[in-house]
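Colleague:
Residue numbers (our numbering): 34 to 346.
#1: Which residues does DSSP pair with residue 85 in a beta bridge?
#2: Identify which residue in 212, 251 and 110 has its Cα closest to the Cα of residue 290.
#3: Can you tell me whether DSSP reads residue 60 as helix, strand or coil?
#4: What three-state label does DSSP hand residue 236 in the structure shown?
#5: In angstroms with no decimal places, state the Cα-to-Cα distance between residue 309 and residue 149.
#6: At which residues does the alpha helix (DSSP H) containing residue 196 begin and terminate?
#7: Under 8 Å: do the stretch 124 to 141 and the stretch 283 to 301 share three or more Cβ pairs, one atom per stretch?
#8: If we count the other Cβ atoms within 10 Å of its Cβ and call it buried at 16 or more, is residue 19 buried or exposed?
#9: Spatial neighbours of residue 297 within its chain, please: CB distance less than 7 Å, with the 5 preceding and 5 following residues excluded, ordered by chain position.
#10: Helix, strand or coil for residue 78? Go by DSSP, reduced to three states.
#11: Residue 190 and residue 172 look like a contact to me (Cβ under 8 Å); what is the Cβ gap, rounded to whole Å?
#12: For residue 98 and chain B, any beta-carbon pair shorter than 8 Å?
#13: Measuring alpha carbon to alpha carbon, tell me which of 242, 199 and 180 ends up nearest residue 217.
#14: Quick check: the Cα distance between residue 196 and residue 77, rounded to an integer number of angstroms?
#15: For residue 204, tell me which candidate among 220, 168 and 300 has the shortest Cα-Cα distance.
#16: Given a cut-off of 8 Å, decide if residue 136 and residue 102 are closer than it, judged by their beta-carbon atoms.
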């Protein structure tokens, strides 16, 4: 007896470089010869980045440029490579999925964009040792000691630990726990202007990552995102206006389109990464090794077709 199954893939989730590669678009670190990124850094809108201190930055704009559209992507594929927009680098295999929208189908993953992206950036900035907004070393050590001695309930998957000593190894869930539960610890140690700015971001982050979110709350959430990005530029300079901080401005749009983002993250996939890592040996041709293992253990070769990346120049 044979069964035929049809799988629909309405959304793609991953970090920025992965989603850019999947969609055949420029990633956030692309800068042209003229110092302009050609609007390729954001996978959602057409804002053009600026080349600042060796990287592409996205200064805050009160009115965002128009979003890219699925039809624009299709039109770019129909012309010769030399005539395509600079943000298109190849024809994505996802275009073969006739029901998939090349723009609306790519959403910002909370794990990478929010927790390992903006939250990590803000905590790193607070603990910075050489900037005018940094706090004295003795204060940093006292704050870090407070963070390290917090006792979470037993059902938390990770215990609190020092950021100064082990911040390089902090996981996304640790930044999430910090945002949801530990921000009041920062108040005695930060200048109140910077603390209020941090609270603006945390209010946005905890709202947009809620399991339930009412449509009536979304306008306020967007206002928090705009306030955070505007003050980020004025308080910390344009160097922190990265693709990750720019993505905050689009998360409300994603929520309006697909619902609460907390149910559409890479956390479940990350939990299975040890299983995937056991399917290859060595550092070369990992994709081929994983494919071979899957063909051998999941189904006979004639019954499984793995979706591998390809590009058309």
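Ideal Cβ positions, reconstructed from N, Cα and C, are used throughout, including at glycine.
Modeller: Checking against the coordinates, here is how it stands:
#1: Taking the chain shown and counting its residues from 1, the one referred to as residue 85 is at position 52. In the DSSP output, where bridge partners are listed per residue, residue 85 has 88.
#2: Stepping through the chain shown from its first residue, residue 290 is reached at position 257. Looking at the Cα atoms, 251 is the closest of the given residues.
#3: As a working note, residue 60 is residue 27 in the chain shown. Residue state, collapsed to three classes: coil.
#4: Against the chain shown, residue 236 aligns to sequence position 203. In the structure shown, residue 236 sits in a helix (DSSP, three-state: H, G or I).
#5: Residue mapping note: residue 309 aligns to position 276 of the chain shown, counting from 1. Residue mapping note: residue 149 aligns to position 116 of the chain shown, counting from 1. When only Cα atoms are considered, residue 309 and residue 149 end up about 21 Å apart.
#6: Sequence index remark: in the chain shown, residue 196 carries index 163 (1-based). For residue 196, the uninterrupted alpha helix (DSSP H) run begins and ends at 196 to 199, by DSSP.
#7: yes
#8: There is no way to answer for residue 19, as the model of the chain reaches only from 34 to 346.
#9: In the chain shown, residue 297 corresponds to position 264, counting from 1. So the list reads 44, 46, 140 and 291, once near-sequence residues are dropped.
#10: Within the chain shown, residue 78 is the residue found at index 45, counting from 1. Residue 78 falls in the strand class under three-state DSSP.
#11: Residue mapping note: residue 190 aligns to position 157 of the chain shown, counting from 1. Residue mapping note: residue 172 aligns to position 139 of the chain shown, counting from 1. With a Cβ gap of about 30 Å, residue 190 and residue 172 do not count as contacting.
#12: Protein chains in the displayed structure number just one, and chain B is not present.
#13: Walking along the chain shown from the start, residue 217 turns up at place 184. Nearest of 242, 199 and 180 to residue 217, Cα basis: 180.
#14: One-based indexing of the chain shown puts residue 196 at position 163. One-based indexing of the chain shown puts residue 77 at position 44. Rounded to the nearest angstrom, the two C-alpha atoms are 33 Å apart.
#15: Reading the chain shown from its first residue, position 171 is the one you call residue 204. The residue with the shortest Cα to Cα distance from residue 204 is 300.
#16: What you label residue 102 is simply residue 69 of the chain shown in a count that begins at 1. What you label residue 136 is simply residue 103 of the chain shown in a count that begins at 1. Yes, the pair counts as a contact, with Cβ atoms nearer than the cut-off.
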